[in-house]
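Quick notes on the structure that follows.
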Amino acid sequence: MGIEIGAFLLLSIAIIVIPGPNVMVIVATSLSRGPKRGMQTVAGTSLAMLIQLVIAGIGTGVLVNVLAQGLIWLKWAGVAYLIYLGVSQLFGSPGERQSDLPATVVFNRGFLISLTNPKTILFFSAFLPQFVSPEASYGSQIAILSLLFWLLAMVLDSAYALLAAQIGQRFPHPGGSRAGRWLGGFVYLGASAALASSRQA
Numbered sequence: 110m111g112i113e114i115g116a117f118l119l120l121s122i123a124i125i126v127i128p129g130p131n132v133m134v135i136v137a138t139s140l141s142r143g144p145k146r147g148m149q150t151v152a153g154t155s156l157a158m159l160i161q162l163v164i165a166g167i168g169t170g171v172l173v174n175v176l177a178q179g180l181i182w183l184k185w186a187g188v189a190y191l192i193y194l195g196v197s198q199l200f201g202s203p204g205e206r207q208s209d210l211p212a213t214v215v216f217n218r219g220f221l222i223s224l225t226n227p228k229t230i231l232f233f234s235a236f237l238p239q240f241v242s243p244e245a246s247y248g249s250q251i252a253i254l255s256l257l258f259w260l261l262a263m264v265l266d267s268a269y270a271l272l273a274a275q276i277g278q279r280f281p282h283p284g285g286s287r288a289g290r291w292l293g294g295f296v297y298l299g300a301s302a303a304l305a306s307s308r309q310a
C-alpha cells in the first residue's frame, strides 16, 4: 500500500497545482481582496470539494454519472457567474476595498464555483479507485485517499492564496487599485473559460 500511497500523493500534487477554476477564483480574490478574503475563498472551495469527494466515494458509477449529467446546468451557471464576477471586477467602483466585501460573500463564491463543476465528481470517481488495494477494505481506503487529497488541496490552494495576496499587496491598495482589480478581473474571465471548456469524461 505504501507504493500506491506514494504514487497517489505525487499524482495528486501534480493535479492540484495545475490551475483550474478553483485556483483561478482563489487567485483572483487574493489579488484584489488580500490574504484574509483569499483564505475564506479557500474555505468555500474546500467545503464544496469535500461534498464532491463524499458523493464520489459513496456513489456507484451509474449514480455518479446520472448525478453529474443532472447537474450539467450548474456548470453553465458557474460560467455565467464567473463572467459576471470578471466584468464587475473590471468595471466596478475603483474605491472599493477588501473590507467592503463580507466574508460570507467570498466564502459562498468559492463554494458555488467549486460545486458548479460536475466534472470534478466524475474525476474523483475514476481517479480514487485506481489506488485501492483488493487486500483491504474498499470503503476505508477510499475514505483515506479522499481525506489525503482534500488536505493536499487545502494546503496547496492556501499557498496559491497567500502568494497571490503577496503579489496583490505590491499595489497601493489591493482592493481598490485599478491594476489589481483588472488583473483579478481577467483571472475570473480566465476561470470562466476554463470551466466552459471542461468536458465531462
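In the working numbering, the protein residues as written are 110 to 310. A virtual CB, placed ideally from N, CA and C, is assigned to each residue, including glycine.
- Nearest to A235 by alpha-carbon distance, out of R142, Q161, Y190, is Q161.
- Put simply, of V132, P238, R142 the residue whose alpha carbon is nearest the alpha carbon of W291 is R142.
- Contact between A303 and G195 is absent: CB atoms are separated by about 12 Å, not below the 8 Å threshold.
- Secondary structure of S242 (DSSP, three-state): coil.
- By the neighbour-count criterion, in which a residue is buried when 16 or more other Cβ atoms sit within 10 angstroms of its Cβ, R279 is exposed.
- A137 and I127 have their C-alpha atoms some 15 Å from each other.
- CA-CA distance, L119 to L272, rounds to 22 Å.
- Looking at W185, S267, F295, G294, the one whose alpha-carbon comes closest to that of I125 is S267.
- Taken in chain order, the complete alpha helix (DSSP H) segments of 4 residues or longer contained in the stretch 119-174 are 130-142, 144-167.
- Only residues of its own chain outside the window of five on either side were considered, and among them I122, I125, V126 have a CB closer than 8 Å to the CB of L265, listed in chain order.
- G277 and F258 have their C-alpha atoms roughly 28 Å apart.
- Closest in alpha carbon position to L156, among F233, G115, G219, K145, is G219.
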